[in-house]
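Notes to accompany the following structure.
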Ligand code: GAP
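Numbering (our numbering), first residue to last: 80 to 592.
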């Protein structure tokens with residue numbers, strides 16, 4: 080299965096099996112907004128819980144909060160979001176479609192890169208063993224021209240964005256002859272900055288003075304509560320504050336399903352430390368966060384770090400954890416050493432001191448911050464892309480199976496009476512009623528057992544527990560493992576321990592300790 084097929088299959092699987100639906104679909108949907116279905120919400124809750132426990136339960140010095148989505152408007156002035164949280168947009172006058180200018184240019188670069196690669200592959204086939212790729216890339220006139228144009232785009236885009244010279248960016252789009260993918264025309268407007276925050280107002284009367292914003296990140300709720308948590312929690316530096324919650328961004332280029340949405344959820348942690356120690360903590364969190372991902376059993380070659388070469392003015396180190404999605408390596412999480420920028424800005428704008436008094440040195444200072452920030456929806460997509468498999472099974476059939484980590488699986492076990500008679504449904508129900516206090520289970524007696532197994536494979540249920548004709552007399556059942564499809568007989572009395580050990584969060588969290 081190629082990557083494009085895999086992605087299409089994951090998207091349609093999400094709808095067919097109740098993971099993700101387009102928002103308000105009966106009204107033709109809402110671009111870049113999605114709803115989670117009955118299985119999706121369970122998977123999402125489990126990912127969130129894994130993150131939350133790893134942060135606030137395993138780490139002794141991380142405290143959780145849940146700040147409101149609405150915040151005082153000055154928050155966003157202080158954080159720089161009002162003045163600087165924008166994308167350069169351009170409209171095509173014929174199609175009336177709006178695009179991110181930088182994305183149009185990046186897509187053009189991708190095309191040039193693909194053309195250069197094609198030339199290289201043709202030459203490789205022509206020259207065989209003696210082919211020297213490095214030499215070819217630096218001497219073949221056509222390839223050199225493609226590569227020079229790619230770096231010309233990089234340099235001009237960077238200069239244009241850094242200096243705010245949007246005229247330069249429009250000129251570049253015109254110079255390259257980029258056309259609108261819808262109308263095919265080059266009839267472009269000027270490039271303008273477009274703020275990504277959604278605004279609304281506090282009172283019923285729109286006055287302009289009481290504008291509120293839907294938060295574009297959860298982090299600011301942590302910064303403004305820094306002293307509340309530190310004092311009420313008697314926290315000593317270094318310590319962290321963790322939060323999960325919705326964030327909203329008016330993403331114009333919303334693509335790739337739930338990868339880039341207008342309403343999404345973040346899981347963020349700000350770690351407050353003594354100035355001068357931040358790079359040690361940055362290294363610690365960089366390693367710790369990748370460990371969190373890998374503990375789920377995902378192939379480590381599907382991950383890579385992408386260190387930022389160009390840093391934001393307030394950061395002294397930054398890295399993305401990228402995953403090899405079917406559409407290429409993309410950021411799933413960011414780890415940033417943000418110095419004292421955020422707390423200093425809030426101190427300046429609020430007029431309130433946001434300092435930590437160190438009882439050991441009798442000094443007060445503004446702590447430095449290392450942030451870890453991961454998108455829950457991106458992590459959800461990652462888990463599905465990594466788990467989705469189609470396997471040939473006996474009889475020439477193909478089964479679709481989600482090999483999710485059992486602790487993340489929406490349903491932990493299905494209780495299936497082999498037939499709808501002979502007291503088997505009653506025994507299945509008794510087992511279900513006994514175990515449902517501890518586990519999310521499913522019980523079903525419709526259809527053949529084979530069909531029921533396939534449906535459970537498709538939603539990633541780690542175990543199918545079958546009540547057969549031997550079960551009533553022996554007080555035992557068969558338990559089928561999703562990945563191996565092997566079955567073994569176990570006593571009903573053993574089920575609780577098996578499910579707790581195999582599907583609980585505990586074993587997963589122990590890998591992080
Ligand atoms: N407080 C830092 C911050 O918000 P970010 O890189 O803008 O940094 C962090 O966002 C993470 O949030 C990203 O790595 C990504 O996983 C997720 N994210 C950002 N924008 C998103 C969007 N429009 N849709 C889905 N997830 C998004």
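For glycine and all other residues, C-beta sits at the position ideal for the given N, C-alpha and C.
Can you determine whether any heavy atom of ligand 1 sits closer than 7 Å to the C-beta of residue 298, and answer yes or no?
Checking the Cβ of residue 298 against ligand 1 gives yes.
Taking just the CA atoms, how far does residue 485 sit from residue 556?
As the crow flies, the alpha-carbon of residue 556 is around 20 Å from that of residue 485.
Residue 127: which of 322, 109, 247 sits nearest, CA to CA?
Nearest of 322, 109, 247 to residue 127, Cα basis: 322.
Helix, strand or coil: how does DSSP classify residue 282 here?
Residue 282 falls in the coil class under three-state DSSP.
For the stretch 298-318 against the stretch 328-335, do three or more pairs of beta-carbon atoms, one drawn from each stretch, fall closer than 8 Å, so that the two count as touching?
In this structure the stretch 298-318 does not touch the stretch 328-335; the number of beta carbon pairs closer than 8 Å is below three.
Could you tell me the boundaries of the beta strand (DSSP E) in which residue 415 lies?
In the DSSP assignment, residue 415 falls within the beta strand (DSSP E) that extends over 407-416.
Neighbour-count burial assignment, residue 163, 16 or more Cβ in a 10 Å radius:
So residue 163 counts as exposed.
I think residue 416 touches residue 445, with their Cβ atoms under 8 Å apart; what is that distance to the nearest whole Å?
Not really, about 14 Å apart at Cβ, beyond 8 Å.
Per-residue DSSP class, three states only, for residue 111
Per DSSP, reduced to three states, the secondary structure at residue 111 is coil, with no helix or strand assignment.
Beta-bridge partners of residue 555, as assigned by DSSP
Paired residues: 570.
Closest by CA to residue 463, which one among 488, 398, 196?
Closest by alpha carbon: 488.
Are the Cβ atoms of residue 481 and residue 538 separated by less than 8 Å?
With contacts defined as CB atoms closer than 8 Å, residue 481 and residue 538 qualify as a contacting pair.
Bounding residues of the beta strand (DSSP E) (the contiguous stretch that carries residue 274)
Note, residue 274: beta strand (DSSP E), 271-274.
Does the beta-carbon of residue 413, which I'm using as the reference point, lie nearer than 7 Å to any heavy atom of ligand 1?
Residue 413: yes, Cβ under 7 Å from ligand 1.
Do residue 340 and ligand 1 come close, with the Cβ less than 7 Å from some heavy atom?
Taking 7 Å as the cut-off, the C-beta of residue 340 counts as close to a heavy atom of ligand 1.
Quickly, what does DSSP pair residue 347 with across the bridge? List them, please.
Looking at the DSSP output, residue 347 shares a beta bridge with 322, 452.
Span separating the alpha-carbon of residue 361 from that of residue 513:
Taking the straight line joining both Cα atoms gives about 46 Å.
CB-CB under 7 Å to residue 501, same chain, minus the five flanking residues each way: which ones, in chain order?
If you ignore the 5 residues before and after residue 501, its C-beta comes within less than 7 Å of the C-beta of 548, all in its own chain and listed in chain order.
Indicate whether the contact test is met: 3 or more Cβ pairs, each with one atom in the stretch 292-300 and one in the stretch 127-147, closer than 8 Å.
Flag = yes, the stretch 292-300 and the stretch 127-147 touch.
Determine the contact status of residue 426 and residue 432, defining contact as a CB-CB distance below 8 Å.
The answer is yes: Cβ separation under 8 Å.
Report the CB separation of residue 240 from residue 167 in whole angstroms; it is logged as a contact under 8 Å.
Here residue 240 really is in contact with residue 167; their C-beta atoms are around 7 Å apart, less than 8 Å.
Would you report the Cα separation of residue 498 and residue 524, rounded to the nearest angstrom?
Taking the straight line joining both Cα atoms gives about 7 Å.
Could you check the C-alpha separation between residue 585 and residue 136 for me, to the nearest Å?
In this structure, the CA atom of residue 585 is about 11 Å from the CA atom of residue 136.
Residues near residue 403 in its chain [Cβ-Cβ closer than 6 Å; skip 5 each side]:
Cβ-Cβ distances below 6 Å link residue 403 to 381 in the same chain, with the five nearest sequence neighbours on each side left out; the list follows chain order.
What's the gap between the Cα of residue 169 and the Cα of residue 278?
In a straight line, the C-alpha of residue 169 is about 22 Å away from that of residue 278.
So what's residue 391 in DSSP terms, helix, strand or just coil?
Coil, per DSSP.
For a test of the three-state rule: what should DSSP assign to residue 136, helix, strand or coil?
DSSP, reduced to helix, strand and coil, places residue 136 outside both helices and strands of the structure shown, so it counts as coil.
With which residues is residue 442 paired in a DSSP beta bridge?
Residue pairing by DSSP places residue 442 opposite 437 in a beta bridge.
Suppose you measure from the CA of residue 139 to the CA of residue 324; what does that come to, to the nearest Å?
Straight across, the Cα-Cα distance linking residue 139 with residue 324 is about 22 Å.
Do you know offhand how far residue 200's Cα is from residue 236's?
If you take the alpha carbons of residue 200 and residue 236, they lie about 29 Å apart.
Neighbour-count burial assignment, residue 602, 16 or more Cβ in a 10 Å radius
Because the chain spans 80 through 592 in this model, residue 602 falls outside it and cannot be assessed.
DSSP on residue 168, reduced to helix/strand/coil?
Assigned with DSSP and collapsed to three states, residue 168 falls in strand.
Residue 165 beta carbon less than 8 Å from that of residue 81
No, the Cβ-Cβ distance between residue 81 and residue 165 is not below 8 Å.
Does the Cβ of residue 376 lie closer than 7 Å to at least one heavy atom of ligand 1?
Checking every heavy atom of ligand 1 against the Cβ of residue 376, none is found closer than 7 Å.
C-alpha distance - residue 254 paired with residue 272, whole-angstrom precision:
Roughly 21 Å separates the two Cα atoms.
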